[in-house]
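Visitor:
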Amino acid sequence: MDIRIAQDSEGKDILELFPKSELMNPADWERVFPYWAVAVIDGEIIGAIQMCPSLPIGRIEHLNLKPDLNKITATKAAYALIKYTELAMIRMGCSVIAGYVEFRNKPIKKLVQKQFKAQVIGSGSMLAWRL
Numbered sequence: 024m025d026i027r028i029a030q031d032s033e034g035k036d037i038l039e040l041f042p043k044s045e046l047m048n049p050a051d052w053e054r055v056f057p058y059w060a061v062a063v064i065d066g067e068i069i070g071a072i073q074m075c076p077s078l079p080i081g082r083i084e085h086l087n088l089k090p091d092l093n094k095i096t097a098t099k100a101a102y103a104l105i106k107y108t109e110l111a112m113i114r115m116g117c118s119v120i121a122g123y124v125e126f127r128n129k130p131i132k133k134l135v136q137k138q139f140k141a142q143v144i145g146s147g148s149m150l151a152w153r154l
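Under our numbering, the letters of the sequence shown match residues 24 to 154, in that order.
(1) Let me check understanding here. Comparing Cα to Cα, which of ARG82, GLY66, LYS94, GLY145 lies closest to SER118?
(2) Can you tell me which of the three DSSP states VAL143 falls into?
(3) Are there three or more Cβ pairs, one per stretch, closer than 8 Å when the stretch 66 to 82 is compared with the stretch 33 to 49?
(4) If you reduce the DSSP assignment to three classes, tell me which class ASP91 lands in.
(5) Alpha carbon to alpha carbon, what distance is there between LEU38 and GLU45?
(6) How far does the alpha helix (DSSP H) with GLY34 in it reach, from first residue to last?
(7) Which one of LYS94, HIS85, ALA62 has the shortest CA to CA distance from ILE26?
(8) Determine whether the beta carbon atoms of LEU88 and ALA103 lie at a separation below 8 Å.
(9) Mind checking MET149: buried by the 16 CB within 10 Å criterion, or exposed?
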């Protein structure tokens, strides 16, 4: 498995990983570099995560994996993507990373809490709107 920064040409591949991706405009995904990291196996993108650098708190968001991955591959991909973004955020000067985990992703929440010593600092609703 290769973890790397996504190129603009891979934006639509990242979009396809989102649940309900049909609700999003593919034209919005033509510029993803350097804000997304991808997990690749045999040339296929199997996962992606968004990096939102800021100081002092950086954010990682929208971890999405192919839904047909087996549990072991999915867990390894999630861990590798999160670790990659953690190291990138450290290089950018962040001292804290925050991220939102959907309720449907309890295994990811447990992974982040156990492997990265993350703590729940609040809960609520993630809101979005088109500009």
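Where is the CB? At the ideal position from N, CA and C, for every residue including glycine. Fair warning: this is a prediction, and the values are worked out from it, not measured in the lab.
Guide: So, to answer that:
(1) SER118 has its Cα closest to that of ARG82, out of ARG82, GLY66, LYS94, GLY145.
(2) Note: VAL143 maps to coil in three-state DSSP.
(3) Touching, yes, given that three or more Cβ pairs across the two stretches are closer than 8 Å.
(4) In the structure shown, ASP91 adopts coil according to DSSP, grouped into three states.
(5) Straight across, the Cα-Cα distance linking GLU45 with LEU38 is about 9 Å.
(6) For GLY34, the enclosing alpha helix (DSSP H) stretches over residues 34 to 38.
(7) When only C-alpha atoms are compared, the closest one is ALA62.
(8) If you check the CB distance, LEU88 and ALA103 do not come in under 8 Å.
(9) Flag for MET149 reads exposed.
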